[in-house]
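Worksheet for the structure shown next.
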Amino acid sequence: MAKISKDLIDNLSKLAKINLSKEQEEKYANELSSVMGYMEEIKNINVENIPETARVSDEGNVLRDDKIEPSLNQEQSLKNSKNTHNGYFLVPQILKDD
Amino acid sequence: MNKYQVIVGMEVHAELKTNSKMFCGCKNDPFHAEKPNIYTCPVCLGLPGALPVANKRAIEWTVKLGLALGCKINLFSKFDRKHYFYPDLPKGYQISQYDLPFCYSGKVETSFGPVGITRVHLEEDTGKLIHQKVNGQDVSLIDFNRSSVPLIEIVTEPEIYSSAQAKEYAKKLRQIIRYLDISDCDMEKGGMRLEANISLQKEGETKLPNYKVELKNINSFRFLERGIEYEIERQKEILEEGKIPDQETRGYNAEKNTTYTQRSKENAADYRYFPDPDLPPIRFDNKWFGEIESTVPELLDTVFARWEKDYKVDRKLTELLFETASEAKKLDLIFSGLSNSKLPVDKFVNAVVNKKLNIDLFNKNSEEIVSIYKRSVQVDDITDEDLKKIITKIIGLNPKAVEDLKAGKTQSINFLVGQVMREAKKKIDFKRLESLITSIVGNI
Amino acid sequence: MLIDKSIKELSILLKKKEISSVDLVKESYSKIEKLDDKLHSFITIREKKEALKEAEKKDKEMKDDQSIIYGLPFSIKDAYCTENFRTTAGNKILDDFLPPYSAEIYKKIVNSGSILIGKNNMDAWGHGGSTENTDYQPAHNPWDLERIPGGSSGGSAIAISSRMVPFSIGEDTGGSIRSPSSMCNTSGLKVTYGRVSRLGAIAYASSLDSVGPMAKSAEDLSYLLEIMAGRDSYDSTSSMTKVDKYSQFLGIPIKGKIIGLPKEFFGAGLDPRVKKVLLDATKVFEKLGAKIIDVNLPHFTYGVSIYYLIALSETSSNLGRYDSFRFGGNRELFSEETKKRILLGTYALSAGYADKLYKKAQKLRTILIQEYNEALKICDVLLAPVNPSLPSKIGELINDPLKNLMEDLYTGTISLVGAPSLSIPSGFADGLPVGMQIIGKKFGEGELFQLGYLYQQETDWHKRLPTILKNKNE
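Chains as they are written, first to last, in our numbering: chain A, 64 to 161; chain B, 3 to 446; chain C, 12 to 485.
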């Protein structure tokens with residue numbers, strides 16, 4: 064049975080930028096373990112030499128001519144943000160360490 | 003003290019100067035935008051429900067550059083999503099290329115030897131973050147005018163072995179990109195960004211070092227060179243202590259001429275690449291590939307070599323005269339025009355470079371330019387007969403100079419030439435006079 | 012009750028001016044006012060005055076050559092951006108989001124003259140099959156208020172079932188149109204992937220999301236699809252395949268058609284009551300001249316795992332843009348269900364696991380497509396159940412993660428292939444509706460309508476009114 068540890072949940076939550084409490088980490092670790100345990104059923108299926116399907120539409124070469132098209136105006140762009148300043152989106156200072 | 007060899011691999015990003023952005027029709031002109039967030043739309047803002055459509059020209063230009071760098075082209079290619087969180091990355095992922103870049107396995111020649119090009123791929127740029135204080139608080143301001151501008155990334159093999167070679171490589175790459183006229187590569191505007199991965203290999207070791215330090219956000223060739231040199235010393239010290247330099251990202255401080263830690267790289271980022279399901283793959287058929295191939299001009303190295311052979315012109319001078327391929331073609335016409343009129347191309351180049359001849363090379367047609375130059379070095383018409391008469395006269399008047407000349411004092415020829423010209427009251431080609439005077443004196 | 016009539020009937024009556032658009036819109040709001048606080052079909056309802064004003068305008072400009080949906084009220088799942096009109100995707104992160112643009116499909120419907128009544132309730136981001144994973148009150152089934160209406164397009168199915176609107180636009184990723192259609196006794200179409208533009212549809216899983224119509228009958232759906240289908244050059248996944256005149260398939264006999272029953276879908280996981288209804292339905296098709304055969308889709312038993320590994324990977328990616336800087340609230344506002352899905356998806360894509368999980372699922376997807384194509388060599392369409400069991404009681408599914416997943420067994424697998432599937436009412440068990448899927452070749456929606464239409468001529472399941480309407484005289 065796949066075991067998703069609390070540590071793994073911790074790493075995943077950082078990668079996915081989802082904050083979890085310690086209780087949540089514990090709870091999720093259990094639940095996700097059981098879900099992944101179920102999905103392990105695919106483990107033993109042989110897929111040697113089978114290509115991946117990334118898309119089921121394959122129109123191929125859907126491209127755009129290099130033409131300028133109308134943009135939103137600044138007001139429209141900023142409209143839904145809770146924090147703007149002089150036409151910029153404003154966020155708290157990002158630590159250099161990400 | 004051990005001896006070390008520096009090993010550098012470079013990653014260069016260049017903003018393509020398409021009209022519109024990579025995945026939407028917004029104007030591609032972030033540097034000149036009057037205000038922030040005016041060239042944005044749901045796609046490049048990463049709004050819910052927005053979908054990307056790829057810019058054909060950006061793809062063609064990427065292949066064009068790859069071909070100019072001698073790369074192989076992946077005729078079946080795709081875009082992948084590269085995931086990380088940062089405020090200037092609106093979707094939480096960057097559309098880039100992972101394992102099927104458009105171009106791979108190329109080469110750039112430098113005077114120190116060839117530098118292998120691992121890959122050339124296409125991706126979208128991020129928005130721009132400005133750090134500021136607003137109302138006493140430290141904040142970051144984001145402008146998405148630059149978000150989704152097409153960005154080409156050129157990655158080298160770790161085959162650069164000195165700071166000088168790195169600089170030469172970077173300069174040459176810039177020259178090639180500008181020659182193709184696909185990017186202005188204006189480093190001050192962020193149109194071209196340099197990154198170097200630097201490590202030291204102990205002399206005698208054949209394996210690549212087991213660490214590398216990434217030097218980022220270098221925006222001049224000089225800083226690149228200095229940054230590498232500083233790193234060499236810094237890493238040497240650490241290695242001599244028996245330690246391994248931290249795997250990290252460092253910036254270059256121009257004022258202090260040092261590098262400094264920006265971000266620790268111990269946990270390699272997990273970008274969770276997967277093929278972007280919103281974008282179909284790209285297939286180059288013979289027709290399309292042929293069209294792109296035909297836009298690749300004669301390669302720079304070939305052009306310079308040809309000019310050197312045909313016109314004896316020095317690359318170091320000619321490369322100062324032009325940037326783009328269409329300009330090179332114009333020069334070709336000028337050079338051949340000069341050559342056909344028996345005018346010295348090398349002298350022409352010299353005169354233009356040294357600003358002795360002020361001429362707009364690209365807004366006049368080549369015939370005009372040839373005739374302008376011709377006039378500027380005009381030698382008067384005078385027959386050999388008449389000239390010989392004058393020479394004979396001057397020789398007669400200047401026996402000492404003649405004796406000096408016969409005795410091997412070659413300076414006297416200048417004097418005699420000048421005298422002849424003064425007498426003739428004409429400007430006459432020096433070599434012509436020199437040979438006539440020498441033969442007449444020789445016959446005395 | 013006007014809204015009980017078909018789209019075609021309504022169109023004729025409107026153009027003859029025997030009824031007015033105002034009449035329809037009024038009836039719409041009247042139904043909503045009476046029923047919606049029990050059902051929670053809607054998240055945002057448009058201001059009545061505004062909708063009526065628009066209806067008046069439509070009445071004035073009503074002409075014979077107007078579109079068949081001209082003047083009809085409609086609703087749309089709140090997964091579609093509507094310019095300057097609140098769009099939430101069912102989650103508080105977008106509680107006050109006013110999109111600066113509209114989804115392509117919304118524009119198409121409105122340009123054909125239909126009048127928006129409101130945005131329908133849904134499982135947030137498409138995450139769910141029960142419309143319980145919503146920040147705007149769990150929705151209730153008009154046939155039994157204690158039961159789920161299916162999801163994630165539950166609100167849309169409720170609105171049609173309770174005759175609030177004649178049609179709605181839903182969205183199907185792993186069953187989100189088919190499942191609520193089945194549970195609410197309505198008809199819904201999951202189109203071939205790429206048949207309808209996804210531009211402006213808030214993404215769940217980009218390689219699976221399908222924009223589709225929901226209404227009372229296959230006939231209604233055929234008219235809607237004619238309007239909705241077509242290439243959109245701003246959606247790189249939208250297909251260039253020609254759009255059929257789907258309504259022309261209505262009434263064509265199905266004698267000789269071969270209908271395949273996938274053995275894997277009629278096995279142990281299927282509630283015997285549902286199975287009985289489906290097998291009875293096959294008798295109707297036989298009576299109409301079709302032949303029923305068994306087919307095999309061996310790897311489809313792994314369908315749930317394959318579906319979820321791909322869908323969750325893609326959704327974890329698509330939800331990365333909700334960082335609250337440019338719009339919307341904090342990521343804390345994601346529901347538990349959504350957080351879990353994001354974590355699972357992140358896991359499936361992460362270094363060290365991606366080969367065994369995401370990539371393997373993509374390879375299995377190739378096998379599914381192969382098996383599907385093989386099956387369709389020996390039959391024209393497949394017939395399958397929609398849900399493994401009858402509509403659960405509210406609270407049952409959402410608290411049982413594995414059971415929740417298994418709801419998508421028959422629908423998610425079809426989504427992986429990209430095939431079209433029509434979900435129509437096929438009977439009742441214990442008083443609850445049971446739908447069935449008619450699944451076809453890619454871009455073969457016409458054939459689905461052909462079969463569905465004749466079935467709905469022979470049966471009247473789809474005409475039955477839900478319990479909640481029988482208690483109120485209308």
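All C-beta atoms, glycine included, are put in the ideal place defined by N, C-alpha and C.
Residue burial annotation: C/Thr145 is buried, with at least 16 other C-beta atoms found within 10 angstroms of its C-beta.
If you check the CB distance, C/Gly161 and C/Met194 come in under 8 Å. C/Thr55 carries a strand assignment under DSSP once its states are collapsed to helix, strand and coil. Taking 7 Å as the cut-off between beta carbons, the residues of the stretch 76 to 102 of chain B near chain A are Phe87 and Pro89, in sequence order.
Counting along the chain, no alpha helix (DSSP H) covers A/Lys106, and no H or E run does either. Positions of the alpha helix (DSSP H) runs, each at least 4 residues long and wholly inside the stretch 311 to 343 of chain C, are given as 314 to 329 in order along the chain. Of C/Ala395, C/Ile321 and C/Gly166, the smallest CA-CA separation from C/Gly101 is found for C/Gly166. A/Pro155: member of the beta strand (DSSP E) spanning Tyr151 to Pro155, first to last residue. In the assembly as shown, C/Asn398 is a buried residue. Its beta-carbon has 16 or more other beta-carbons within 10 Å. Counting only Cβ-Cβ distances below 9 Å, A/Gln137 has no contacts in chain C at all, with the closest Cβ about 11 Å away. CA-CA distance, B/Glu329 to C/Arg209, rounds to 45 Å.
With respect to the 8 Å criterion, C/Glu230 and C/Ser17 are classified as neighbours on the basis of their beta carbons.
DSSP places B/Cys46 in the uninterrupted alpha helix (DSSP H) bounded by Pro44 to Leu47.
One alpha carbon belongs to C/Asp15, the other to C/Lys481, and they sit about 13 Å apart. For C/Phe178, the three-state secondary structure derived from DSSP is strand.
Taking a C-beta cut-off of 8 Å against chain B, the contacting residues of the stretch 71 to 93 of chain A are Leu78 and Lys80, listed in chain order. At least one C-beta of chain B is nearer than 8 Å to the C-beta of A/Pro155. Shortest Cα-Cα distance from B/Leu49 to any of C/Tyr112, C/Met239 and C/Leu393 involves C/Tyr112. Just so you know, the alpha carbons of B/Ser185 and B/Ala16 end up roughly 7 Å apart. Considered as a whole, the stretch 296 to 339 of chain B harbours 302 to 313 and 317 to 320 as its complete alpha helix (DSSP H) runs of no fewer than 4 residues, in chain order. With a threshold of 8 Å between beta carbons, C/Asp76 makes no contact with chain B. When C-beta distances to chain A are compared with 8 Å, the residues of the stretch 136 to 166 of chain B below that value are Val136, Gln139, Asp140, Val141, Ser142, Leu143, Ile144, Asp145 and Phe146, in chain order. With a threshold of 8 Å between beta carbons, A/Ile131 makes no contact with chain C. Only exposed fits B/Gly206, as fewer than 16 other CB atoms lie within 10 angstroms of its CB. Closest in C-alpha terms to C/Ile169, from the list C/Gly211, C/Phe276, C/Ser247 and C/Ile43, comes C/Ile43. Shortest Cα-Cα distance from B/Arg83 to any of B/Gln99, B/Gly72, B/Cys73 and B/Lys332 involves B/Gln99. Taking 9 Å as the Cβ-Cβ cut-off, the stretch 212 to 224 of chain C approaches chain B at Ala212, Ile213, Ala214, Ala216, Ser217, Ser218 and Leu219, given in chain order. In the structure shown, B/Asn76 falls within a coil segment according to DSSP collapsed to helix, strand and coil. With contacts defined as CB atoms closer than 8 Å, C/Tyr81 and C/Lys64 fail to qualify as a contacting pair. Under the three-state reduction of DSSP, B/Cys105 is assigned to strand. If you check each beta-carbon in the stretch 108 to 124 of chain C against every beta-carbon of chain B, the ones closer than 9 Å belong to Phe108, Pro110, Pro111, Tyr112 and Ala114. With a threshold of 8 Å between beta carbons, A/Lys66 makes no contact with chain C. Shown in chain order are the members of the stretch 316 to 333 of chain C whose Cβ falls below 7 Å from a Cβ of chain B: Ser324, Glu325, Ser328, Gly331 and Arg332. Interface annotation, C/Asp246: in contact with chain B, CB-CB separation under 8 Å. The criterion of a C-beta distance shorter than 8 Å is satisfied by C/Tyr117 and C/Ile87.
In this chain, the beta strand (DSSP E) harbouring C/Gly199 covers Ser198 to Lys201.
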